[in-house]
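Here's the structure, in structure tokens; my notes come after.
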Amino acid sequence: MNKTVQLNSQQSTLIVCLNPMPEILYWGERLEPLNEQELVQFQLMTERGLMQARIDEDVPLSLCPELGRANFGSPGLEAHREGKSWAPQFIYDSHQINAQTLSIKCQDIVASIELQIALTLDDDSSVLAKSIKVINRDSTPLTVNKLALTFPLPYQANQVMSFHGRWSRELQSQRVRLDHGQFIQENRRGRTSHEYFPSCLIGEENFSEEKGDVWGFHLAWSGNHAWKAEVKSDGRRLMQAGELLLPGEVILKQNESYQTPTLYIAHSRSGINGLRTKFHPFIRQHLIRFDRHKVRPVHLNTWEGIYFDHNPSYLSEMISEAAKIGVERFIIDDGWFKGRNNDKAALGDWLVDKNKYPQGLTPLIKQVNELGMEFGLWVEPEMFNPDSDLFRTHPEWLLASEGYSAVTGRNQYVLDLQNSECFDYLYSALNQILSDHHIGYLKWDMNREIVQASHLGRAAVNGQTQALYKFLSKLNQSHPEVEIESCSSGGGRMDFEILRYACRFWTSDCNDALERQTIQRNMSIFFPPELMGAHIGPEKSHTTRRRHDIHFRGITALFGHMGVELDPVAESESEKQAFKHYIELHKQFRPLLHSGQSFFLDSRDHSRHAYGVFDKQQTLVAIAQLAMPEYMLMEPLKLGMLESDGDYRVSMVHFPHSSRGLMKRQPDWTQEQTIVVKGCWLKNVGLSLPILDPESAMLIHIEKSH
Ligand code: GLA
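Laid out in structure tokens, this is it:
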């Protein structure tokens, strides 16, 4: 008889048949623990028949599908020993269940390859984590071309939502029907990348924010990756994801192993919102590294305010103005170090520029601290410019392939972090900066893609990524008080693994509120608001040249880890008062925004975004109109998550004056301070809303009335 095991969380059940190769029979809503007799019946119920014109054995869609077992779809492992042992066939060997983790060992004794599969079902959130380790048990080296994580999907999962983007336009989504064949996304850019976010959603047709069966996947890895959704000709379907290994990148000697990144999976029966309710608590409980009691300070980042034009007395004025508008962390961006007057030179020379800062940074840091703010600094440690003392002294630290001329990206080269001398130099340079100054935060940037990365002649993206993790971990250990932000030309390195070392993402270099609405909507599927850097930029966006009033900018930035990205000295008094207002509003709602549950509502008018955050007491809702409204009246606001029998006080926090042009008269309730309504009315009938102008937003607060 086949051996079957079961893992339960508070809300879900995983049933795995272990032999001949482990296969997931079920993962879904929690079932009562099955006794032995029930397990036999369960297996009988799920056992497949044999297909005509196929081989004469059933082929499981296992946790690591094998070509050698006649699994003609995408194999989990592709490896060989100098051309041999190329079609392994594994057999279940043993397993262990430790708390919420099922560990399974499988062997191919002919090819001398061992697999160790780990599945962890988080008890609270029901997020499932999967990883596999392959071990070479033979004296001949084993070349691993691919080791991917396979996850079977039920038949109703026939629509894929994938995420693509580019600089200043991260996290755009598209939907593809999944009937036959494969949908594939591959990232070879050497970082998580703007282009292909290592995540996807696969669900039943037309799954939406609020409705439908949907599975969310995230591969926790900051290097190259590939994932695919596949339908086999028998109709079975799967998602498969893993690191995209470059030729020769992983060659295992005897008893050496290669471990995949972790694939995190969540399932929802209530659309994308149900994934938010799983991924966000999971990240909060397991991945966030900052102290949950420390509020996320409001930032002022100097980049779009002054770029490379650093002058300490002017910065001192900026610091005073920042404090007046309520900023809590002041960050000096690029341009502070020796010879850094533009983006063509000086990366790698991590010494304060004495021409710009004759007194060093300390007097400014002192001023920042005296005004009750934290100080932060921009760095880009993984890089050097050809025009830098570091490159002139150590050209051999370049991460490149010998014999070819290395290509620059943003005028810079990548440093080989696997070179221990280079690693040590960089570490001591950063350690020095952090030891000499009172710094609470580093904006850690990474501004280019990696091309022909070789270490000792062999492909090195995996090694570089691991070395970066090692570097960050060492820095985290020696400076636990310093928070690191993961920035990569905006959102080029946002993933669950970098979160083990970083406390915030710089979501995008685009601060245009209209673009941000879409970027942040998709980011919020995977990450809670407190990780999402969201800044109010100048009225005229630096990346799109569009203009937006302060309310659209303010409401858009409100729902993240908020900041401002401008020069407050140069701004008008009315703009400054408005920044102050939105910063105060953010601080007022910050406890809710950074611990509550995020949601997004379905709208028949696709140019309307209705979203918010709620907890047991209150809900803050933003309605943003991205284009001319589809209809002359706005769809009422229905909030399904409220309690039916409670009374709620509803108030309009902000309604844009300009929108009054589109309406003769707004709904009467918006003229009142607050109205009190029943939860079941808001759930089932809906709150009437005024229409909005394109590119404007309103903010509504709903609070339980006692
Ligand atoms: C990148 C970042 C920006 C800014 C610049 C500085 O583009 O994404 O926010 O820090 O580098 O050079």
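Numbering (full-length UniProt numbering), first residue to last: 1 to 706.
All C-beta atoms in this analysis are idealised placements derived from N, C-alpha and C, irrespective of residue type, glycine included.
Apart from sequence neighbours up to five positions away, the residues of its chain that approach Ala-111 with a beta-carbon distance below 7 Å are Ser-85, Pro-88, ordered along the chain. Minimum Cα-Cα distance from Ile-550 among the listed residues Leu-566, His-561, Thr-543 corresponds to Leu-566. Here DSSP, grouped into helix, strand and coil, assigns Asn-273 to helix. Not one heavy atom of the ligand GLA sits closer than 7 Å to the Cβ of Gly-409. Taking a contact as a CB-CB distance under 8 Å, the pair Glu-483 and Tyr-441 counts as one, their CB atoms being some 5 Å apart. In this structure, the beta-carbon distance from Ala-534 to Gln-520 falls below 8 Å. The C-beta distance from Leu-147 to Gly-83 rounds to 19 Å, too long to meet the 8 Å contact threshold.
Under DSSP, Glu-483 takes part in a beta bridge, and its partners are Tyr-441. In the three-state reduction of the DSSP assignment, Leu-119 falls in the strand class. Its chain contains Leu-361, Thr-362, Ile-365 as the residues whose beta carbon lies nearer than 7 Å to that of His-437, once the 5 sequence neighbours on both sides are disregarded; these appear in chain order. Under DSSP, the beta-bridge partners assigned to Cys-17 are Thr-4, Glu-23. Under the DSSP assignment, Thr-262 falls in the beta strand (DSSP E) whose first and last residues are 262 to 268. Beta bridge pairing from DSSP links Leu-601 with Ala-610. Cβ neighbours of Glu-23 within its own chain (closer than 8 Å, five residues either side excluded): Val-16, Cys-17, Pro-60, Leu-61, Ser-62, Leu-63, Pro-152. The secondary-structure analysis by DSSP pairs Cys-106 across a beta bridge with Tyr-92, Leu-115.
Selection Gly-339, Lys-344, Ala-610, Pro-154 evaluated against Gly-409 yields Lys-344 as nearest (Cα-Cα). Here Phe-290 is not near Asp-122, since their CB atoms are 8 Å or more apart. Here Arg-191 is buried: its Cβ has 16 or more other Cβ atoms, across all protein chains shown, within 10 Å.
In this structure, Glu-256 sits near Asn-136, with a CB-CB distance shorter than 8 Å. CA-to-CA, the gap between Gly-563 and Ala-624 works out to about 20 Å. Contact between Asp-445 and Ser-222 is absent: CB atoms are separated by about 14 Å, not below the 8 Å threshold. When DSSP states are grouped into helix, strand and coil, Lys-232 belongs to the coil group. Per DSSP, the continuous beta strand (DSSP E) segment holding Phe-151 begins and ends at 149 to 153. In this structure, the beta-carbon distance from Leu-601 to Glu-209 falls below 8 Å. Relative to the ligand GLA, the beta carbon of Ser-541 is positioned no closer than 7 Å to any heavy atom. Within the same chain, Cβ atoms closer than 7 Å to the Cβ of Lys-474 are found at Tyr-427, the five residues on either side in sequence being excluded. Residue Trp-215 holds the alpha-carbon nearest to the alpha-carbon of Phe-526 among Gln-11, Trp-215, Pro-297, Glu-66.
In the three-state reduction of the DSSP assignment, Thr-518 falls in the helix class.
The C-alpha of Met-318 is placed about 14 Å away from the C-alpha of Glu-370. Set against 7 Å, the gap from the CB of Ser-489 to the closest heavy atom of the ligand GLA is smaller. Residue state for Ser-428 is assigned as helix, using DSSP reduced to three classes. The DSSP-derived three-state label of Glu-57 is coil.
Just measuring C-alpha positions, the residue of Gln-156, Arg-166, Ala-220 sitting nearest Asn-206 is Gln-156. The straight-line gap separating the alpha-carbon atoms of Arg-48 and Asn-2 is approximately 14 Å.
The alpha-carbon of Cys-422 is positioned some 60 Å away from that of Pro-690. Secondary structure note for Ala-323: its alpha helix (DSSP H) is the uninterrupted segment 312 to 325.
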